[in-house]
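> Chains as they are written, first to last, in my numbering: chain V, 1 to 163; chain E, 1001 to 1121; chain R, 2001 to 2237.
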Amino acid sequence: MLARGVGRSSVFQTLKVMLTPGRYGLERWSYVLQRVSGVVVSLYFIAHVLETGNFVGGITVWGVPEYSFAERAYEETVKLLKNPVFDVGLAVIGFLVALHTINGIRLILAHFGFSLGRPRRPEPFSPPPSFSTKQRAIFWLSISLAVFALLYTLDSLMRVFRP
Amino acid sequence: MKERDLMLLHYITGIGILVFGSIHIATVFLTYPFQGTIWETTLRFDSIPYAILPVYRNALLAASLFGLLLCTTIHAMNGLRSIIAELIGARKRWVETLLVAVGAFLLVYGTRTILIANALV
Amino acid sequence: MVERVKFRVFRYRPEDGGRGIYREYEVPVKKGMTILDGLIYIKENLDPTLSVRYSCRMAICGSCGVRVNAIETLACHTQILELRRRLITVEPMRNYPLIKDLVTDMAPLFRKQKALMTWLIRQDTEEQENPTRQYLQSEEELERYLQFTYCIQCGLCYSACPVVSTFPDFYGPQPLMKAYRYYADSRDEGGVVRTRLVDRFEGVWRCHFAGSCSAVCPKGVDPALAIQLLRRAALKG
């Protein structure tokens, strides 16, 4: 029952609507970014719990292991993670976490009715009160901090590559 | 559980992640003397063996890490629940059961890691 | 000063089954001509089989909602030359069952409005039917909901909402906005009933403040604001 109203929509059609901000403006971009960052960071979180679990020996270990065993497990995990793909991935995660955090605060404020304008008589060519300056400022702050986090991690990465 | 309570839980855990996550990042980044870049000492794990784990031998920090684990698990699973329902266009019981199972596993497995790290070395 | 603009219009005939197609028409455009004028020109001169719904031609009735260049708008409220495009794509609104060409079935919108009891609720129905006195409101009480009464139920917000697109059971911006319009009315006594109605999975919680509803509203109603305020009310319980 999606775009064309003919038949029921497939997951791919809904995914397309969910991921394309179109020409609806800043708030729609925030919706898409919050959604994507939420899913990606959740997947990172699952991977992070599994990976830190491997540092102490993996799923078979449920007590404090021998030092030599733990050291070997640690070395193996480090070998797996020493990989430019994971490095760049971590920089992206930094970007997404910063974005999701600050934008999330913006959404919590909006959900509790703070930082929005008050209902007023509509006037021609004036933006809706919910698209308030405060809301948009926090959105741009989240983007700035996310870019800062991305640049910071990328810079660290570059220095690692430098001899 | 009512949707309203779940949503409140989502906000509370979100703020919890902000607090405990800041502590987590701060401990990882700041408790170690920098050898080379921050990246090398903490994120790439190759300068110091057991770079991260001994931090959490402090019981308070271990508890805050558990708080982060708990908040993130709840927040992530609840978020995924709503996103998946909105993606496939309906609530499915098996999806929600799966998410609860994944969340429970992450909690148990993560807690185990924290406990081991706390007693190790 | 006549310009020629190409209209790319979505055509769908239910008896043909399957998906619709786009057909192109060249329309001579004068200053001040609206999308609706263009569609009527096509219907009168180029293709009489084109179906389009309209009535007042002055953004009052809310019948002619369409998607023009991938954004929802009233056909009568959009001037062709203001778009500054040589090619104008006109599609029916999303999220509604399609009847024919640009005509959609608005039933889901009205069904959800009814489910949310978007009318004045009073305990004393006898007094409501035969009032014995005036029920005056202060300016502040009026301002709390006045903006939301400007809604003409054109359904553009419901079409623009990304959540309704992906999760059709969601009540949608317009019905929730209307629920808040009555919740905020000082004469209404439905408070707890209303917050309970929207406190369910497909209620206010599915709004993620994507703001598309308010971005497309031709009357400046701001459904996104109403939903956030309704959610605050529901959070307070």
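The C-beta atom is built at its ideal place from N, Cα and C for all residues, glycine as well.
Quick caveat, the model's predicted, so the values are computed rather than measured.
As a quick exercise: from R:I2071, R:P2131, R:R2019, R:E2140, pick the residue whose alpha carbon is nearest that of S2186 of chain R.
Checking every option, the nearest Cα to that of S2186 of chain R belongs to R:E2140.
> Please work out which residues of its chain come closer than 7 Å, Cβ to Cβ, to P1033 of chain E, disregarding the five sequence neighbours upstream and downstream, and give them in chain order.
Interpretation of P1033 of chain E is limited by its pLDDT of 47, a score under 50 that renders its predicted location unreliable; the figure taken from the coordinates is listed afterwards. Closer than 7 Å at Cβ, skipping near neighbours: no residue.
> In its own chain, which residues sit with a C-beta less than 7 Å from the C-beta of A91 of chain V, not counting the 5 before and 5 after it?
Answer for A91 of chain V: L150, T153, L154, L157, listed in chain order.
> Which of the residues in the region 2199 to 2225 of chain R, read from start to end, lie with their CB under 8 Å from any CB of chain V?
Here the close residues are H2208, F2209, A2210, G2211, S2212, S2214, A2215, V2216, C2217, K2219, G2220, V2221, D2222, A2224, L2225.
> Leaving out five residues on either side along the sequence, give the residues of the same chain with a beta carbon under 6 Å from the beta carbon of D1046 of chain E.
The pLDDT assigned to D1046 of chain E is 47, lower than 50, so where the model puts this residue is not dependable; a value taken from the coordinates is nonetheless given after this. Answer for D1046 of chain E: no residue qualifies.
> For T2104 of chain R, tell me which candidate among R:E2003, R:A2233, R:P2014, R:G2220 has the shortest Cα-Cα distance.
Nearest option by C-alpha distance: R:P2014.
> Exposed or buried, what is M2033 of chain R when buried is set at 16 or more other beta-carbons lying within 10 Å of its beta-carbon?
Classification for M2033 of chain R: buried.
> Give me the chain V residues within the contact set of G1079 of chain E, using Cβ-Cβ distance strictly less than 7 Å, ordered along the chain.
What G1079 of chain E touches in chain V: G38, S42.
> Confirm, please, whether the CB-CB distance from V2216 of chain R to P122 of chain V is below 8 Å.
Going by C-beta atoms, P122 of chain V is not nearer than 8 Å to V2216 of chain R.
> Would you mind working out which of R:D2101, R:Q2174, R:G2237, R:R2232 sits nearest G2017 of chain R, comparing C-alpha positions?
Answer by Cα proximity: R:D2101.
> Helix, strand or coil: how does DSSP classify I2099 of chain R here?
It is a strand residue.
> If you reduce the DSSP assignment to three classes, tell me which class G2065 of chain R lands in.
It is a strand residue.
> At the 8 Å Cβ level, is L1087 of chain E part of the contact set with chain V, yes or no?
With 8 Å as the cut-off, L1087 of chain E counts as an interface residue toward chain V.
> Quick check: what's the CA-CA separation for I2227 of chain R versus L2176 of chain R?
C-alpha separation (whole angstroms): 6 Å.
> My guess is that L2225 of chain R and S2214 of chain R are in contact by the Cβ rule of under 8 Å, so how many angstroms apart are they, rounded?
Indeed, because the Cβ distance is near 7 Å, the residues count as touching under 8 Å.
> Have a look at the DSSP bridge pairing and note the partners of L2074 of chain R.
L2074 of chain R is bridged to R:G2065.
> I need the boundaries of the alpha helix (DSSP H) containing S2140 of chain R, first residue and last residue.
Note that residue 2140 of chain R is Glu in the sequence shown, not Ser. From DSSP, the alpha helix (DSSP H) with E2140 of chain R extends over 2139 to 2146.
> How would you label Q34 of chain V, buried or exposed, when you count the other beta carbons within 10 angstroms and need 16 or more for buried?
It counts as buried.
> Restricting to Cα atoms, I'd like to know which of R:E2189, R:V2005, R:G2211 is closest to W2119 of chain R.
It is R:E2189.
> Determine the chain R residues that contact E1003 of chain E at a beta-carbon separation under 8 Å, and present them in chain order.
Under the 8 Å cutoff, chain R gives D2199, R2200, F2201, G2203, W2205.
> Measure the C-alpha to C-alpha separation of F112 of chain V and A1090 of chain E and round it to an integer number of angstroms.
The alpha-carbon atoms of F112 of chain V and A1090 of chain E are separated by roughly 26 Å.
> In whole angstroms, what separates the C-alpha of S30 of chain V from that of A2210 of chain R?
Roughly 7 Å between the two C-alpha positions.
> Give me, in chain order, the residues of the same chain whose beta-carbon lies closer than 7 Å to that of R1044 of chain E; leave out the 5 immediate sequence neighbours on both sides.
Residue placement at R1044 of chain E is poorly supported in this model, since its pLDDT is 49, which falls under 50; the coordinates still yield a value, given next. For R1044 of chain E, where only same-chain residues beyond five positions count, there are no Cβ hits under 7 Å.
> Which of helix, strand or coil does DSSP assign to R4 of chain V?
Its pLDDT being 47, under 50, R4 of chain V is placed unreliably in this model, and the value from its coordinates should be taken loosely. Coil at R4 of chain V, not helix or strand.
> In chain V, which residues lie less than 7 Å from Q2228 of chain R when you measure between Cβ atoms?
What Q2228 of chain R touches in chain V: A110, H111, G113, L116, S130.
> Note down, in chain order, every chain E residue with its Cβ under 7 Å from the Cβ of R35 of chain V.
Within 7 Å Cβ-Cβ: I1083.
> What does a CB cutoff of less than 8 Å around W1039 of chain E pick up in its chain, not counting 5 residues either side in sequence?
Low confidence applies to W1039 of chain E: its pLDDT is 49, below 50, so where it sits in the model is not reliable enough to give any reading.
> Leaving aside the five residues before and after V2029 of chain R along the sequence, list all residues of the same chain whose C-beta is less than 8 Å from its C-beta, in chain order.
Cβ neighbours of V2029 of chain R beyond the five flanking positions: V2002, E2003, R2004, V2005, G2038, I2080, L2081.
> What residues are listed by DSSP as bridge partners for V2029 of chain R?
Looking at the DSSP assignment, V2029 of chain R forms a beta bridge with R:E2003.
> Three or more C-beta pairs under 8 Å: does that hold for the region 67 to 77 of chain V against the region 98 to 107 of chain V?
Contact fails: fewer than three Cβ-Cβ distances are below 8 Å.
> Could you check what DSSP says for I2060 of chain R in three-state terms: helix, strand or coil?
In this structure, I2060 of chain R counts as coil in the three-state DSSP scheme.
> List the DSSP bridge partners of I2088 of chain R.
DSSP lists R:F2007 as partners of I2088 of chain R.
> Can you find a CB in chain R that lies within less than 8 Å of the CB of R136 of chain V?
No, R136 of chain V does not count as interfacial toward chain R.
> Answer with yes or no whether the minimum CB distance from L1008 of chain E to chain R is below 8 Å.
Yes, L1008 of chain E lies at the interface with chain R (some Cβ there is under 8 Å from its Cβ).
> Going straight from the alpha carbon of V2090 of chain R to that of L2050 of chain R, what length do you get?
Answer to the nearest angstrom: the Cα atoms are 12 Å apart.
> Identify each residue in the region 2033 to 2058 of chain R for which the Cβ-Cβ distance to at least one residue of chain E is less than 8 Å, and report them in chain order.
Listed in sequence order: no entries.
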